[in-house]
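Residue 79 in full-length UniProt numbering is what sits at position 79 of the sequence shown, and the numbering runs on without skipping anything.
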Amino acid sequence: MFVYTRKATIHDAEAIMSILNDGIAYLKEQGVPQWQNGEGPTPELIKQDIKKGYAHVLIYDNKVAGYGALVPGPEAPYENITEGSWEEQEDSYIVIHRIAVDLHVRGKGLSKILLHDLIVLSRQMEFKDVRVDTYPKNEIMQKVIVNAGFNYSGMIYFPIEHGERKAYQLLLD
């Protein structure tokens, strides 16, 4: 099967939300409070991601099979890291948000491919400092992040219930 990542269009929004909603349910099953109680991605947020050019989809078997957003910083939570520090403070950085893969194709290494592609796109956009975060109990995502080459930097906090996140950084040449 051919796999690639491209910018999302408004025509992808329904498939993206289906993947994200399945991800929200999966996190709940795993006992991870991330994205619960209405704090997860919404159709309005995804439409904004698409409109701003942040949204990217992974295509597998000619279908939308994954989603991730590349959001240029600064972002307030990333400016206030605790229990650690950023390796270097670049003038500008990009954050990978809202990563999810279709539950029907999990276990095929597509999260790794999606994250890799988003890193490559970040560099093509002239960013050398790439950041990502996840909830401390989301061990599957932590493994994907570390295996993609990111280093744990510390904790950041979003102003929501269960807003604590492990933050990671990858510096590119």
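Backbone N, C-alpha and C define an ideal beta-carbon position, used for all residues, glycine too. If you're wondering where the values come from, they're calculated on a predicted model, not measured in any experiment.
Item, Value
"Tell me which same chain residues have a C-beta within less than 6 angstroms of the C-beta of residue 111, skipping the five on either side of it?", "101 and 144"
"Have a look at residue 81 and residue 156 and give me their C-alpha separation to the nearest angstrom.", "5 angstroms"
"Identify the continuous alpha helix (DSSP H) that holds residue 13 and give its terminal residues.", "13-29"
"Is residue 56 buried or exposed, if buried means 16 or more other CB atoms sit within 10 Å of its CB?", "buried"
"Just to confirm the assignment, what range does the alpha helix (DSSP H) spanning residue 117 have?", "110-124"
"Looking at C-beta atoms only, is the number of pairs between the segment 111-122 and the segment 29-49 that lie closer than 8 angstroms three or more?", "no"
"Can the beta-carbon of residue 50 be found less than 7 angstroms from the beta-carbon of residue 8?", "yes"
"Is residue 168 closer than 7 angstroms to residue 132 when the C-beta atoms are compared?", "yes"
"Please check the pair residue 67 and residue 16, which I expect to be a contact at CB under 8 angstroms, by giving their CB distance rounded to whole angstroms.", "5 angstroms"
"Starting from residue 174, trace the alpha helix (DSSP H) both ways and give me its first and last residue.", "This structure leaves residue 174 out entirely; the chain is present only between 1 and 173."
"Going by C-alpha distance, which of 172, 161 and 146 is nearest residue 38?", "161"
"Name the DSSP bridge partner or partners of residue 6?", "57"
"For residue 206, which option in 154, 25, 108 and 75 has the closest C-alpha, if you only look at C-alpha atoms?", "An answer regarding residue 206 cannot be provided, because it is not within the stretch 1 to 173 covered by the chain."
"Using the rule of at least 16 other Cβ atoms within 10 Å of the residue's Cβ for burial, across every protein chain shown, is residue 4 buried or exposed?", "exposed"
"Opposite residue 156 in the DSSP bridges: which residues?", "165"
"Out of 61, 106, 73 and 127, state which residue places its alpha-carbon closest to the alpha-carbon of residue 22.", "106"
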